[in-house]
Amino acid sequence: MGDALAQAIGLLMPLDVRWVAILAYGLGMALLTMAMGNAFAAFPVIAGGIGMPYLVSLHGADPAPMAAIGMLSGYCGTLMTPMAANFNLVPVALLDLTDRNAVIRAQIPTALPLLAANLVLLGLLCFR
């Protein structure tokens, strides 16, 4: 799956440009987590498809901060999706809220700036 993703994204975006690869990795983690509902499921796909071949091998990123910040980017996606039912739908039921997306709507103002900060940190901390 990671190889197929790398080929598809490599055709759409110039991943040989460092900042494009950083955006693809961080935003890819968040978006795939939103689709799957779980950052742990998205991590091996994005890390194997974008992180290792492009950020580490091509651009020389340090894999330890790349992995940690990548997971945190995935968690930003968890805050913004109903697919993460245990975090976003169960509290709605337990609190008997009328708006099904109230928890997600409350978390988006935290998730988006945190995701932006993660992208900056990927650029600052992964490359020396």
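Those letters in the sequence shown? Residues 3 to 130, by the working numbering. The beta-carbon is built from N, C-alpha and C at its ideal position, and this holds for glycine as well. Small disclaimer: the values here were computed from a predicted structure and weren't measured.
Taking C-alpha atoms, which residue in N88, A118 and G28 lies nearest to G39? N88
Would you grab the beta carbon distance between A26 and M36 for me? Rounded to a whole angstrom, and I think it's under 8 Å. The pair is not a contact, with the Cβ atoms about 15 Å apart (cut-off 8 Å).
Taking the Cβ atom as the reference point for each residue, do P65 and L123 lie within a distance shorter than 9 Å? no
Whose C-alpha, out of L81, A49 and Y56, is nearest the C-alpha of A70? A49
Pairwise C-alpha distance: G28 and A104: 25 Å
Helix, strand or coil at M85 according to DSSP, with G and I counted as helix: coil
In the region 16-51, which residue ranges form an unbroken alpha helix (DSSP H) of at least 4 residues, counting only runs that do not cross its ends? 20-38 and 41-48
Own chain, CB closer than 8 Å to G125, minus 5 neighbours either side, in chain order: R20, W21 and I24
Helix, strand or coil for C78? Go by DSSP, reduced to three states. helix
Cβ contact (3+ pairs, closer than 8 Å) linking the region 101-121 and the region 49-63: no
Around the Cβ of L121, are there at least 16 other Cβ atoms within 10 angstroms (buried) or fewer (exposed)? buried
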